[in-house]
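Student:
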Amino acid sequence: MESQLVTGNLVDIHRREIYPAALRIRGGRIVSIHKIPEAGSHYLMPGFVDAHVHIESSMLVPAEFARLAVVHGTVATVSDPHEIANVCGVAGVRYMIDNASKTPFKFFFGAPSCVPATSFETAGATVDSQAVAALLRDPDIYYLAEMMNYPGTISREPEVMKKIEAAIAAGKPVDGHAPGLRGEALREYALAGISTDHESFTLMEAREKLALGIKCLIREGSAARNFEALIDILAMYPEETMFCSDDKHPDELLLHHINNHVRRAVAKGFNLFHVLRAACLNP
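In the numbering used here, the protein residues as written are 1113 to 1395.
In structure tokens, the structure reads:
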């Protein structure tokens, strides 16, 4: 297999330095990196990852979402397809996976955990624990998507716990959704196996979740905007903080994506490599 040599100023997030480098690429992978004396004005760095987003909020199919997002440096998303699942069930999830396969952009889809979202909602489908377990056995499903039913998680409702246990058995993480949850209730939620949360609204709320081992996502999207309230956690927990949009409407996606989080954080004086770690590496 032939290899290709690419040169530029490498933004090395692991080593926390920028240096002129020659990268040899074979089969789509970097096989070697060597420092060189000079590399011009080009920069080489990892792409951005939206750590939690519902692609459906963009009103676009995944392949079209990718076409707009990649312009802003985004190369991957951690995607919860629960909106289409609420309408079409598992068939909707399969459609998203199939459409996403038409582009080299990386979509890491989760198994929707709450379809319907509430017991009093009229939805187009139901995705029960058996269906969730089947999805989690699929290699194209990477995690159990946001467990919005935190009351059911805290009270250990059997149907809820079957979904969480299926994810744990499959070796896949459980995404959280716990707005305003604090104290003993939050501890019980964390103990169930929750690994991430994008629903913090105050710095103290985020710090309490982080202290319990829940990684926190700083959300700034078209609906909820928590960047200003939460950005200080980046300096305190650079290895446990990520950036996400949650929902991104098409008019905003035309203008910016995770690059907006990066730009604002750098403008506030946060360590460049902490910022890039949250945008590129931690997800």
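We treat Cβ as the ideally placed atom computed from N, Cα and C, and that holds for glycine. These numbers were taken from a predicted model, which means no experiment stands behind them.
Restricting to runs no shorter than 4 residues, where is the alpha helix (DSSP H) found entirely within the stretch 1149 to 1226?
Tutor: With a minimum length of 4 residues, the continuous alpha helix (DSSP H) runs that stay inside the stretch 1149 to 1226 are 1174 to 1181, 1194 to 1200, 1202 to 1212.
Student: How would you call P1263, buried or exposed, if buried means at least 16 neighbouring beta carbons within 10 angstroms?
Tutor: Mapped onto the sequence shown, residue 1263 falls at position 151. Counting Cβ neighbours within 10 Å, P1263 comes out exposed, since fewer than 16 surround it.
Student: Please classify F1221: is it buried, with 16 or more other beta-carbons within 10 angstroms of its beta-carbon, or exposed?
Tutor: The sequence position of residue 1221 within the sequence shown is 109, counting from 1. Buried: at least 16 other Cβ atoms inside 10 Å.
Student: Grab me the residues of P1362's own chain with a C-beta within less than 7 Å of its C-beta, minus the 5 sequence neighbours each way, in chain order.
Tutor: In the sequence shown, residue 1362 corresponds to position 250, counting from 1. Only S1170, M1171, L1172 meet the Cβ criterion.
Student: Taking only three categories from DSSP, how would you classify R1389?
Tutor: Mapped onto the sequence shown, residue 1389 falls at position 277. DSSP places R1389 in helix when its eight states are reduced to three.
Student: Inspect the beta-carbon positions of S1241 and K1274 and report whether they are closer than 8 Å.
Tutor: In the sequence shown, counting from the first residue as 1, residue 1241 sits at position 129. In the sequence shown, counting from the first residue as 1, residue 1274 sits at position 162. Contact flag set, yes.
Student: Once you ignore the five residues that flank I1099 on each side, which residues in its own chain have a CB closer than 7 Å to its CB?
Tutor: Since the displayed the chain opens at 1113 and closes at 1395, residue 1099 lies outside it and no answer follows.
Student: Which residues does DSSP list as the beta-bridge partners of I1130?
Tutor: Walking along the sequence shown from the start, residue 1130 turns up at place 18. Note: I1130 sits in a beta bridge opposite V1123.
Student: For the beta strand (DSSP E) that contains E1258, what are its first and last residues?
Tutor: The residue given as residue 1258 occupies position 146 in the sequence shown. It spans 1253 to 1259 - the beta strand (DSSP E) in which E1258 sits, taken as one unbroken run.
Student: Looking only at C-alpha atoms, which of R1375, P1193, R1389 sits nearest to V1239?
Tutor: Taking the sequence shown and counting its residues from 1, the one referred to as residue 1239 is at position 127. The shortest C-alpha separation from V1239 is found at P1193.
Student: For I1326, collect the residues of the same chain with a Cβ closer than 7 Å to its Cβ; drop the 5 residues on either side in sequence, then sort them by chain order.
Tutor: Translated into the one-based positions of the sequence shown, residue 1326 becomes position 214. So the qualifying residues of the chain are G1288, A1302, I1306, S1307, T1308, D1309.
Student: To which residues of the same chain is L1298 closer than 8 Å at the C-beta, ignoring the five residues directly before and after it?
Tutor: Residue mapping note: residue 1298 aligns to position 186 of the sequence shown, counting from 1. The residues are A1290, E1320, K1321, L1324.
Student: Between which two residues does the alpha helix (DSSP H) carrying D1358 extend?
Tutor: Counting from one through the sequence shown, the residue named residue 1358 turns up at place 246. Element bounds for D1358: n/a, residue is neither H nor E.
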